[in-house]
Structures are given as C-alpha cells and as structure tokens.
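*Asks:*
Protein chains: 2
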Amino acid sequence: MIQPSSVGIVAPQSAHFDQPLTLRSGGVLPAYDLVYETYGTLNADRNNAVLVCHALSGSHHVAGCYADAPDNIGWWDNLVGPGKPLDTRRYFVIGVNNLGGCHGTTGPRSINPATGKRWGAGFPFVTVEDWVEAQARLADRLGIERFAAVLGGSLGGMQAISWSLQYPERVANVVAVASAPMLTAQNIAFNEVARQAILTDPEFHGGNYYEHGVVPARGLKLARMLGHITYLSDDSLGEKFGRSLRHGKAMYNYGVEFEIESYLRYQGDKFAGHFDANTYLLTTKALDYFDPAFDHDGNLAAALAKSSADFLIVSFTTDWRFAPARSREIVYALLHNRRKVSYAEIESTAGHDSFLLDDTHYHAVLSSYFKRMKV
Amino acid sequence: MIQPSSVGIVAPQSAHFDQPLTLRSGGVLPAYDLVYETYGTLNADRNNAVLVCHALSGSHHVAGCYADAPDNIGWWDNLVGPGKPLDTRRYFVIGVNNLGGCHGTTGPRSINPATGKRWGAGFPFVTVEDWVEAQARLADRLGIERFAAVLGGSLGGMQAISWSLQYPERVANVVAVASAPMLTAQNIAFNEVARQAILTDPEFHGGNYYEHGVVPARGLKLARMLGHITYLSDDSLGEKFGRSLRHGKAMYNYGVEFEIESYLRYQGDKFAGHFDANTYLLTTKALDYFDPAFDHDGNLAAALAKSSADFLIVSFTTDWRFAPARSREIVYALLHNRRKVSYAEIESTAGHDSFLLDDTHYHAVLSSYFKRMKV
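Those protein sequences? They're chains F and G, same order as listed.
When you read off a place in the first sequence, starting at 1, and then add 49, the result is the number in the working numbering.
When you read off a place in the second sequence, starting at 1, and then add 49, the result is the number in the working numbering.
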C-alpha cells in the first residue's frame, strides 16, 4: 500500500445548465452554472462515483490544491486522496459548489441575465432538496446513473440523506457525519442571530450591497464568530485558549484581552473578507428548512421509509451543535425501516468541527466502510 | 403559617457617596449614587440583613411592585416576601443596583459632574470587587456590620463569593446559585460576540451615542438575542418552540418563519428599548475579569482559603452557561478548606434561567437553608 498522499494539483470545472430549475420556494432559476471538481477516475461500469456534499462554508474544492495557489488545500483533503479513507485510486470523487454559493456556482453574487445586474436579494431561496436536484443533473451530465456513495458532514450530511429520499435508486450508500435529521429550536435560534447580524448591518442594503460597492462585513463577521463558538466544544476552547490573557493582565479596554477574543475576531475578519453575505443567509435558511419528517407529521421513520441505501452515520461525543443524540435519531428511524445502518460515535474533544479533522478512529471507520463497499 | 405573598408596594431609595472610590481598573469615581430597595425590617441586633446581588440585566428591584407601576414586579419576587423562601418577616433584604448600571445607580448614562455631560465611554471599567466595595459602603450606611447572607444567581453569585473573600468577617452565609468561579473560554467568547455587536453598531459612536440622540439598538438587540439562547436549554427551547412555524409552512423570506425567531426578536427589541448599551458592555467585562484564582496561580482552593462563611451552592442540570460542574468546582475548593458547604444540583429543564423560576425543589432547598440560619 502506498503512503496516503494528496490528489495533487486540481482544477475546478464548470457545467452550464439551461433547463430551468423550479425550486421548492416556487422560484425558478432559468439557467445556472455548477462549479465542481473531480478526483480519481470513473470506472468502465460507472459505479465508483462518490459525491461529497459541502456544509455551510464549504465549496467544491474538497481535495488537492491549485497550480497557482498551492496553499489553497481542499477542505476534506485529509479524507480524500490516494491511500486515504476515501481512496481516489478506487473511487471517482466529485465535489460541487451548491446553488446560491459564492465559489463560482450561480448565486447571489452572479449576474442575473434578466437584469444584467447581480442577483443580490433577488436570488431565489434554495433548499437542500434543490441542491440535490441540481447535483442529480450534474450526475446525469457526467454519466453517473447511481452513486456508490453520497457523503457529507453537517449540512452536507443532510444532503446525503435527502439524496436517499429524492433518488433512492441512484445512491447505494449514504454517509452522514456530524449531521442531524433537522435543526432544533436552538439551532434555528443561533442561525437567526447570525442572520439578524447581517440583515441589520447598514451596509447590507436589503441584500443589494454589491451595487453600493460595500459588503456587510460587520454582520458577516459577527455571524462567523458566533458560528465558530458552536463548531467548537467548551472543552476544546478551554484547552486551546482557556483564560489566557494577551497582555498577562487585564487592560480594562475593549481591545483584545483574552486570546479567545483574538481568535474569534481573526476568524470573523478572514471569513467576512471573502464569503458572500447573501450566500450565508440563504444557506442558514436551507439548514432551517430541511426537515424530511415535515410531510410525515414529524415521523422521521415514516420519512426515511423511501430510502433504500445502506447508511453509515457518524457522530462526535463533544459535538453540541449536532449532538450524537441527533445522529441516533437517524439511526433509530433507519432501523425501524430495517435498513442496513452502521453507526459510530467517536470520542473527540473537538466538537462539531471534528468531522473536518484527522482523527484516527474516525478515519478508520470511514476507511473500512469505503473498503467494504462493492464497486 | 401565612400564605406566601408579595412584599407589596415598594419604593427605591438612593444613597449618595462622596468619598472617592478607587476601582480595580485604576479609575476613580469621585462620587456616586447607589439606588437600592429594602424589604422587611432590620432587627435590633442588626444581624438579619440579606444582600441580594443582581446579574447582568437585573437591578435593585428584587421584589414587590411600584405604586405607579403595579405590573413592574421585582425579578426575584417569587423568592423574596412574607412566607417565601427568603422570608421578609424574618429577614431584612436589600437589593442594590450596581455601579455602572442603568437603573438609577451612577453609570455611563449618568452625568459626569466634571464635564457636565453623560459619562458614556468615559465611565471607568468596574469589576465584581468594585461592586462589593460599593455594597459594603452601603451596608455601613445602613448600619449593617455583618450580613446574615449575601445571595445571588449567576453574576450575582460571583459577587456573593467575592464578599466572602473581600470581607470574610462581614458575611455569615454565601448563597451562590447557577454561578461559576470564573468564566470559561466559551463564556468569554459569547460575551465577546455580544460586545462586538454593540461596538460595531454605527450608532454606538464610540460609546457616546447619547450626544447623538441615538442608541446602538441593533447591536444591543443582537447581544440580547444571543444571551437568551445561552440562558435557556436546548430542551426548554425545544419544548416551548420546537420547529413551530408561524404560518404553518415555509414562507421563504427573512420575516418570522419559526416561532423561536419571533421570541428572540421580541426579547431583543424589548431589551434594546430600555437597557443601556454601555452598561451591557461594562457588565460583560466584569464577568470576564472575575477570577478569584488569578492571584493564586489558578488554584481556586487557595483563593477561597480566605473565606470563613458557610456556603450554599446550587446548580441546575440543564444549565450549560454555568453548568453544574462549575458549581462543583466551588464546592470542592471549599471542602478543601474544610468550610461548611451545602450543595444542591436541581433537576430542571429550563437551563440557566432556572435560577429565576419558581421550582419546588429549588425553592425548598433555599427555604430550608434560610430557616436553618441563625439570626
């Protein structure tokens, strides 16, 4: 076996679709582009494709790096590559930026052909189901009738689950990591604070800030700072930062006193410098809306009856955003339907962000699951 | 025994102090007023006084109501009154608005006599220790040499603990409910997001918004919305709101969709309509700074060695802001010093806010503790 290594230099591709897409919200996208990357090779039977769905701040750039930006490494590079748990010598892996995104796929920052201006606030609301629909069209384009697996963490896991309900015949395995069947009131509450931070930023301009040459950076920074707290555990923040004081003592001002403040401000500024606020808003709404049990009187087992895939569900002990109990809800609902489901609850101190980290036990679970899959 | 009842109509009093108060921050308040209320009667031995310390958004108005505002009921009215756990037939209870506050005590909204303008950003940073110092001067004024008890929830509990360290001879019992010995990195992180929301509000004007005839309502609203999430448990939000939709279905807009959003916006607006943003900032900083173990290399037991009071420590199972583990840290440190300490961990679904609620078990614990006290 070779040493695990990177997929190396990759390049995003773009697919244009001019068949209108009617969205759950009632809106219609007359045409759109999806930006995606692929790693590995589609085999002759076209049965080794794995779709990786991204979460709130992710993108199509799952693995490898760019020739002109060697430090821009894919967000799940530790998982995807030759000899890695999702082994690109065996699988053909696809990452795609979702509709409404800000990494090349058509979104609020794109030009609306009907007006010649950026979509801005006019971009229609998108849902997890809409993303799956668009991903399915990309799969058609790539000649993939059935995925060996659809895989995602957090919001990405919701897409993987939705695949098994919207296209049960097109997905053999669903891998949902650090995910949940739907948000709780607390989850929605955090999203709502983040949204209000953006919506009430005077530079939001009702979502049409592009035309004013500004961005609602203050709001987006606050949203990201808040998000970060929920991605990490109390324990991991304690280990990393504790009560460390920047100056060794209280300075009695509103500058950085505790190192945790510096960290959050830095993360917030970095994010606000490149991410699109409208995409952030739309994505938190997609999170809020996702609820496969809604049309089944809240009965998740009834909702998941449509699925026919095999499932791997993974959670992390200190994840309080999507706690293990939420993953177990999925597991129980699947078992109720006598689906094949594997479940791993990984000991980790890192909270929700664990799904992005290179944890030995976690990666061993994914590795053995992918090794066992038939392609 | 009479039926528990209200202390009835109360009236705030004000005490002026013109002996300068040097603060931990190095700042000096040349003179100040403390607004306070009292319930019950100080006995001849002057040994039945109980000081109630308030938390972030509290005030001196602990119990009863005002003649001209019968609906303005004290924040701990369920606890304090004739026949209630803190029985005003037996105890002389004092509530005082802390320095830097916005309910009458000298704070950023007060006029700085040196300039003739509101203090605003010029108001010095205040700490838990400064509050205790000011409270001690009020006790002197009222002829109270030693408190039967100093009592508080959350940040109020920190003041009660600090009393036992700053004036061990002046407090017979400390009752700290839903409190913590100091904030964690996660606690500070939430405070920091709240502060950044206020500080970056364009209407904050560097803290001198009074002069501009505006208030940073957007920032204060965000801060309060976020705070509220941390005061309640995931469970209680789930029970109260779940995923209830205002319109029974997704509307695909940024208005209120889920009832939890409506609740948070309402709470945020209500708070922003009356609370002072500078007070909010100062109070979150006082929370961050409080750390009795700081001067003892982080050794809480060493820090608490100074105390000589008896202690009652109470926590609530679903409080994740100041979790039971934080209360246990206090208990262990006290036991290490062979102090008399009672500890109750109350089963509650209501999270941090439990300390304000009328829980039977919780109130029974407080009631029996106060009944047992010698006065």
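Using N, Cα and C, we set each Cβ at its ideal position, and we do this for glycine too.
Note that the structure is a prediction, hence the values are computed from the model and not measured.
Can you say whether residue 364/F is buried or exposed, counting buried as having 16 or more other CB atoms within 10 angstroms of its CB?
*Replies:* buried
*Asks:* Ignoring anything shorter than 3 residues, give me the beta strand (DSSP E) runs that lie fully in the segment 200-265 of chain F, in order along the chain.
*Replies:* 222-226
*Asks:* Hey, could you find the ends of the alpha helix (DSSP H) residue 283/G is sitting in?
*Replies:* 283-289
*Asks:* Are residue 196/F and residue 128/F close, meaning C-beta to C-beta below 8 Å?
*Replies:* no
*Asks:* Output needed for residue 130/F: all residues of its chain with C-beta closer than 7 Å, excluding positions within five of it in sequence on either side, in chain order.
*Replies:* 53, 54, 55, 56, 112, 137
*Asks:* Which residues share a DSSP beta bridge with residue 365/G?
*Replies:* 395/G
*Asks:* Buried or exposed: residue 407/G, going by 16 or more other Cβ atoms within 10 Å of its Cβ?
*Replies:* exposed
*Asks:* Determine, for residue 50/G, whether the minimum Cβ-Cβ distance to residues of chain F falls below 8 Å.
*Replies:* Residue placement at residue 50/G is flagged as unreliable, the pLDDT there being 49, under the threshold of 50; a coordinate-derived value is accordingly withheld.
*Asks:* Going along chain G, which residues have a C-beta under 9 Å from residue 267/F?
*Replies:* Simply 245, 246, 249, 250, 251.
*Asks:* Mind pulling the chain F residues with CB within less than 7 Å of residue 378/G?
*Replies:* The premise fails here: residue 378/G is roughly 12 Å from chain F at the closest Cβ pair, so nothing lies under 7 Å.
*Asks:* With 8 Å as the threshold, decide whether the Cβ of residue 310/F is near any Cβ in chain G.
*Replies:* yes
*Asks:* Tell me, to the nearest whole angstrom, how far the beta carbon of residue 281/F is from that of residue 402/F; I am working on the premise that it is less than 8 Å.
*Replies:* 6 Å
*Asks:* Does the segment 341-356 of chain F come close enough to the segment 298-306 of chain F to have 3 or more Cβ pairs within less than 8 Å?
*Replies:* Between the segment 341-356 of chain F and the segment 298-306 of chain F, the count of Cβ pairs shorter than 8 Å is below three; the stretches do not touch.
*Asks:* In the DSSP assignment, find the alpha helix (DSSP H) that holds residue 184/F and state where it starts and stops.
*Replies:* 177-190
*Asks:* So with CB distances below 9 Å, who are the chain F contacts of residue 287/G?
*Replies:* 233, 234, 235
*Asks:* Name the chain F residues that come within less than 9 Å of residue 150/G, Cβ to Cβ?
*Replies:* In chain order: nothing, as chain F lies at least about 18 Å away.
*Asks:* Excluding sequence positions up to five away, which residues of its chain have a Cβ less than 7 Å from the Cβ of residue 330/G?
*Replies:* 244, 247
*Asks:* Tell me residue 143/F's beta-bridge partners as DSSP assigns them.
*Replies:* 87/F, 100/F
*Asks:* Grouping DSSP H, G and I as helix and E and B as strand, with all else coil, what is residue 382/G?
*Replies:* helix
*Asks:* Which residues in the same chain as residue 74/G place their Cβ atom closer than 6 Å to its Cβ, once the five residues preceding and following it in sequence are excluded?
*Replies:* 173, 174
*Asks:* Rounded C-beta distance between residue 202/F and residue 95/F? I'm assuming under 8 Å.
*Replies:* About 26 Å; that fails the 8 Å criterion.
*Asks:* Any idea what DSSP makes of residue 277/F, helix, strand or coil?
*Replies:* helix
*Asks:* In terms of alpha-carbon separation, which member of 240/G, 209/G, 83/G lies closest to residue 305/F?
*Replies:* 240/G
*Asks:* If we count Cβ pairs, one from each stretch, closer than 8 Å, do we get three or more for the segment 390-397 of chain G versus the segment 405-421 of chain G?
*Replies:* yes
*Asks:* Mark residue 50/F as exposed unless 16 or more other C-beta atoms lie within 10 angstroms of its C-beta, in which case mark it buried.
*Replies:* Annotation note: pLDDT 49 at residue 50/F (below 50); position unreliable, coordinate value reported separately. The residue in question, residue 50/F, is exposed, as its Cβ has fewer than 16 Cβ neighbours within 10 Å.
*Asks:* Buried or exposed for residue 285/G, going by 16 or more other Cβ atoms inside 10 Å?
*Replies:* buried
*Asks:* Which chain G residues are close to residue 242/F, counting only those with a beta carbon under 8 Å from its beta carbon?
*Replies:* 271, 274, 275, 278, 313
*Asks:* Taking just the CA atoms, how far does residue 58/F sit from residue 214/F?
*Replies:* 35 Å
*Asks:* Starting from the C-beta of residue 256/G, find all residues in its chain whose C-beta is less than 6 Å away, skip the five residues before and the five after it, and write them out in chain order.
*Replies:* Around residue 256/G: 169, 170, 327.
*Asks:* When the Cα atoms are used, what is the spatial distance from residue 313/F to residue 369/F?
*Replies:* Each residue's alpha carbon lies about 19 Å from the other.
*Asks:* Between residue 229/F and residue 324/G, what straight-line distance do the alpha-carbon atoms span, to the nearest angstrom?
*Replies:* The straight-line gap from Cα to Cα measures roughly 37 Å.
*Asks:* Could you round the C-beta distance between residue 146/G and residue 108/G to whole angstroms and report it? I think they count as a contact, below 8 Å.
*Replies:* The Cβ separation is near 5 Å, so the contact holds.
*Asks:* Buried or exposed, going by whether 16 or more other CB atoms sit within 10 Å of the CB of residue 219/F?
*Replies:* With 16 or more other Cβ atoms within 10 Å, it is buried.
*Asks:* Just to make sure I have the definition right: I need the residues of chain F whose C-beta is within less than 8 Å of the C-beta of residue 74/G. Which are they?
*Replies:* 299, 301
*Asks:* Along chain F, in chain order, which residues have C-beta atoms closer than 8 Å to that of residue 337/G?
*Replies:* 306, 307
*Asks:* Residues in the same chain with beta-carbon distance under 6 Å from residue 116/F, minus the five sequence neighbours each way, listed in chain order, please.
*Replies:* 58
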